[in-house]
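Enquirer: Next up is a structure, given as structure tokens.
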Amino acid sequence: MLPRLIARMDIKGSDLIKPINLEGVRKIGAPKSFALDYYNQGIDEILYMDAVASLYNRNGLAQLVSETVRDIFVPITVGGGIRNLQDVESMLNSGADKVAINTAAIHSPELIDQVARRFGSQCMVLSIEAKRRSGQSGWEAYVDCGRERTNVDVVEWARQGVDRGAGEILLTSVDHEGMCQGLDVALSEAVSSKVSIPVILSGGMGTPQHMVEALINGKADAVAMAHVLHYKKLTVHELRLHLAENQISTRMTLAK
Numbered sequence: 032m033l034p035r036l037i038a039r040m041d042i043k044g045s046d047l048i049k050p051i052n053l054e055g056v057r058k059i060g061a062p063k064s065f066a067l068d069y070y071n072q073g074i075d076e077i078l079y080m081d082a083v084a085s086l087y088n089r090n091g092l093a094q095l096v097s098e099t100v101r102d103i104f105v106p107i108t109v110g111g112g113i114r115n116l117q118d119v120e121s122m123l124n125s126g127a128d129k130v131a132i133n134t135a136a137i138h139s140p141e142l143i144d145q146v147a148r149r150f151g152s153q154c155m156v157l158s159i160e161a162k163r164r165s166g167q168s169g170w171e172a173y174v175d176c177g178r179e180r181t182n183v184d185v186v187e188w189a190r191q192g193v194d195r196g197a198g199e200i201l202l203t204s205v206d207h208e209g210m211c212q213g214l215d216v217a218l219s220e221a222v223s224s225k226v227s228i229p230v231i232l233s234g235g236m237g238t239p240q241h242m243v244e245a246l247i248n249g250k251a252d253a254v255a256m257a258h259v260l261h262y263k264k265l266t267v268h269e270l271r272l273h274l275a276e277n278q279i280s281t282r283m284t285l286a287k
């Protein structure tokens with residue numbers, strides 16, 4: 032499978048936002064307009080994350096997804112507040128291709144099995160928010176936008192997710208997120224080397240070389256990016272060119 036370029040879009044109400052360490056949000060604009068721009072640039076996938084799902088105990092992105100799929104024809108993953116099979120079915124009926132589940136999967140791991148059995152593993156993305164353990168080796172999984180500890184080891188949790196039927200892992204470094212200083216390559220390598228499914232690395236991308244390092248050294252299968260796209264630091268075309276210069280092939284696109 033060719034490496035994928037994914038636009039990560041954190042949503043609060045009707046606004047696209049950009050958090051730092053999953054907190055301290057800043058409003059960016061209308062999410063569908065940004066998504067359409069990225070689609071026209073040739074993005075491989077769109078990732079919508081409901082940033083206030085835990086506050087309202089539900090995911091509020093169904094209408095946005097329904098509006099998006101009228102004009103955008105790449106896979107769309109939706110995360111945040113997906114708590115049961117009914118929530119999954121609602122998102123899929125709205126037009127989403129995949130759902131990313133974090134908190135509910137931690138609290139009820141059997142939900143991973145249930146989603147995979149009913150809708151297929153390709154639909155079930157295990158979302159993991161990871162923080163490096165202070166003074167220790169390894170990473171701990173967090174929930175509630177990186178605020179609540181779980182005492183669950185990230186690598187072991189990823190392996191369990193695979194055994195239960197997850198089709199992909201969305202791996203977000205809370206420590207690196209929004210800092211633009213580089214993706215957590217060590218985290219990605221630790222997880223990717225232990226699982227047999229694609230790993231999407233998110234959090235910290237600031238330059239095209241950061242993506243190269245994640246794909247080569249971190250063994251990631253895809254990179255989800257926000258800041259560099261939202262603030263027009265880089266275009267999708269520029270990213271593909273840089274990857275090509277480093278002998279990394281991506282899907283062909285006419286967008287520039």
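Quick note on this note's numbering: the sequence shown kicks off at 32 and runs consecutively.
By construction, the Cβ of each residue, glycine as well, lies at the ideal position given by its N, Cα and C atoms.
(1) Since T281 and L116 are thought to touch, with beta carbons under 8 angstroms apart, how far apart are those beta carbons, to the nearest angstrom?
(2) So, are the CB atoms of L202 and L246 less than 8 angstroms apart?
(3) Return the chain-ordered list of same chain residues with a C-beta closer than 7 angstroms to the C-beta of R149, the five sequence neighbours on each side being excluded.
(4) Restricting to Cα atoms, I'd like to know which of G60, H138, I42 and D75 is closest to Q94.
(5) Would you mind listing the beta strand (DSSP E) stretches within the stretch 74 to 131 that are 3+ residues and don't spill past its ends, in chain order?
(6) Spell out the partners DSSP gives V183 in its beta bridges.
(7) Can you round the beta-carbon distance between G235 and L260 to whole angstroms, since I take them to be within the 8 angstroms contact cut?
(8) Just reading off the alpha helix (DSSP H) that S204 is part of, what are its end residues?
(9) Considering only residues of the same chain and omitting the five flanking positions on each side of V186, which have a CB-CB separation below 8 angstroms?
(10) Between which two residues does the alpha helix (DSSP H) containing I143 stretch?
(11) Going by C-alpha distance, which of N71, D75, N90 and A82 is nearest M40?
(12) So the candidates are A217, T134, S64 and R164; which of them puts its Cα closest to the Cα of S45?
(13) For the alpha helix (DSSP H) containing I137, list its first residue and its last residue.
(14) Looking at the structure shown, is V226 part of a helix, part of a strand, or coil, going by DSSP?
(15) What span of residues does the beta strand (DSSP E) with A253 cover, start to end?
(16) Alpha carbon to alpha carbon, what distance is there between I137 and F104?
(17) List the endpoints of the continuous alpha helix (DSSP H) containing D68.
(18) If you reduce the DSSP assignment to three classes, tell me which class D46 lands in.
(19) By the DSSP assignment, the alpha helix (DSSP H) with M242 in it spans what residues?
(20) Please tell me whether I228 and A197 are closer than 8 angstroms, where the distance is taken between their beta carbons.
(21) Once DSSP output is grouped into helix, strand and coil, what is the label at D41?
(22) Going by alpha carbons, who is nearest to E160 out of G166, S152, Q167 and Y173?
(23) Going by other Cβ atoms of all chains shown within 10 Å of its Cβ, with 16 needed for buried, is S97 buried or exposed?
(24) In angstroms, rounded to a whole number, what distance separates the CA positions of H268 and L78?
Expert: Reading off the structure:
(1) Contact flag wrong, Cβ pair sits at about 34 angstroms.
(2) no
(3) L116
(4) I42
(5) 76 to 81 and 107 to 110
(6) DSSP lists A172 as the bridge partner or partners of V183.
(7) About 14 angstroms separates the Cβ atoms of G235 and L260, ruling out a contact at the 8 angstroms cut-off.
(8) In the DSSP annotation of this structure, S204 is not part of any alpha helix (DSSP H); the continuous beta strand (DSSP E) holding it starts and ends at E199 to S204.
(9) These residues qualify, in order along the chain: G169, W170, A221, V222 and K225.
(10) E141 to F150
(11) A82
(12) For the residues A217, T134, S64 and R164, the minimum Cα distance to S45 belongs to S64.
(13) Run containing I137: T134 to H138, per the alpha helix (DSSP H) assignment.
(14) coil
(15) A253 to M256
(16) C-alpha separation (whole angstroms): 31 angstroms.
(17) P62 to Q72
(18) strand
(19) M242: member of the alpha helix (DSSP H) spanning P239 to I247, first to last residue.
(20) yes
(21) strand
(22) Y173
(23) exposed
(24) 19 angstroms
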